[in-house]
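Everything in the sequence shown is counted per this note's numbering, starting at 483 for the first residue and increasing by one.
Where a beta carbon is used, it is the ideal one built from N, C-alpha and C, also for glycine.
What you are looking at is a predicted structure, and each value in this text was computed from that prediction instead of being measured.
Report on the structure given below.
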Amino acid sequence: MRVVSLEPGEWRDACLARLCAAVHGTSAGLTPLVAFSGTRHLLFATEAARLWALVDDAEAPLALALLVLDEAGAAMTLALSASLGEGREPRQRLIRELALNAPLRVEPTDDLDEAFLRQCGISRWIEDDRGARVGLSRRHPAARAGELEPTLSFDEQEVLRRFKHDARFFEEEKRRFVEGLAVCPGG
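In structure tokens form, the structure reads like this:
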């Protein structure tokens with residue numbers, strides 16, 4: 483197994499579709515499609531995000547992670563991550579590798595609690611300006627909350643408005659998403 487950065491193209495889009503579906507669920511309405519489309523057209527287009535995969539010997543993805551730059555371009559936030567099969571071990575291996583090699587910021591969630599993230603190598607913990615715990619890899623430049631830069635993002639409502647007002651765009655994004663799910667194994 484090894485960790486690879488997925489290059490622009492149909493395979494990366496297919497893996498992004500699988501990741502969005504795995505994180506948001508297939509019954510979450512338009513949420514997975516909005517995440518897919520916004521990431522493709524706004525974050526990938528400006529090189530503000532990278533998609534990483536833990537792949538097996540046959541290059542099949544076992545886990546995926548989306549890293550998004552902060553506003554200063556000095557660090558990255560783990561925005562989305564998932565194992566594509568049973569168990570959390572592939573996801574843990576992927577996050578551990580990213581934490582060792584990237585200036586990574588992680589915000590715990592129900593699915594990614596602090597104990598799990600510590601096992602992934604997230605070794606420093608601080609409170610952000612809202613009082614929430616934030617995990618940082620050793621390579622992250624911040625030493626305290628006031629030094630954390632906001633993570634780049636996109637306006638989900640803007641994506642939804644474009645879907646509503648541009649039926650052709652919506653249908654094309656939906657087609658790419660569904661085709662990506664059919665191509666990318668797992669989940």
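- [ ] Please classify Gly-520: is it buried, with 16 or more other beta-carbons within 10 angstroms of its beta-carbon, or exposed?
- [x] As a position in the sequence shown, residue 520 is number 38, starting the count at 1. With 16 or more other Cβ atoms within 10 Å, it is buried.
Task: Complete beta strand (DSSP E) runs within the stretch 607-664 (minimum length 3 residues, chain order) - done: 615-618, all fully within the stretch 607-664.
Task: Residue closest to Gly-628, alpha-carbon to alpha-carbon, out of Arg-612, Ala-545, Pro-590 and Gly-507 - done: Numbered from 1 along the sequence shown, position 146 holds the residue referred to as residue 628. When each option's Cα is compared against that of Gly-628, the closest is Arg-612.
Open item on the list: Helix, strand or coil for Ser-605? Go by DSSP, reduced to three states.
Closed with: As a position in the sequence shown, residue 605 is number 123, starting the count at 1. In this structure, DSSP gives Ser-605 a state outside helix and strand, which the three-state scheme calls coil.
Task: Gly-603 and Leu-582 closer than 7 angstroms at C-beta - done: Along the sequence shown, read from residue 1 onward, the residue named residue 603 stands at position 121. Along the sequence shown, read from residue 1 onward, the residue named residue 582 stands at position 100. Note that the C-beta distance between Gly-603 and Leu-582 is below 7 angstroms.
Task: Distance CB(Arg-522)-CB(Ser-487) smaller than 7 angstroms - done: Taking the sequence shown and counting its residues from 1, one reaches residue 522 at position 40. Taking the sequence shown and counting its residues from 1, one reaches residue 487 at position 5. At least 7 angstroms separates the beta-carbon of Arg-522 from that of Ser-487.
Task: Within 7 angstroms, strictly: CB atoms of Leu-560 and Val-588 - done: Translated into the one-based positions of the sequence shown, residue 560 becomes position 78. Translated into the one-based positions of the sequence shown, residue 588 becomes position 106. Yes; because the gap between Cβ atoms is below 7 angstroms, this pair is in contact.
Open item on the list: According to DSSP, Pro-543 sits in a beta bridge with which residue or residues?
Closed with: Here residue 543 refers to the residue found at position 61 of the sequence shown. For Pro-543, DSSP records a beta bridge to Val-537.
Open item on the list: Is it buried or exposed, Gln-574, if we count other Cβ atoms within 10 angstroms and call 16 or more buried?
Closed with: Working through the sequence shown from its first residue, we reach residue 574 at position 92. Taking every protein chain shown into account, the CB of Gln-574 has 16 or more other CB atoms within 10 angstroms, so this residue is buried.
- [ ] Within its chain, find whatever has a CB closer than 6 angstroms to the CB of Glu-631; leave out the 5 residues flanking it on each side and keep chain order.
- [x] Within the sequence shown, numbered from 1, the residue matching residue 631 stands at position 149. Within the same chain, Glu-631 has close Cβ partners Asp-552, Glu-553 and Ala-554.
Task: Burial state of Ala-700, where buried means 16 or more other Cβ atoms lie within 10 Å - done: It is not possible to answer for residue 700, since the shown part of the chain is limited to 483 through 669.
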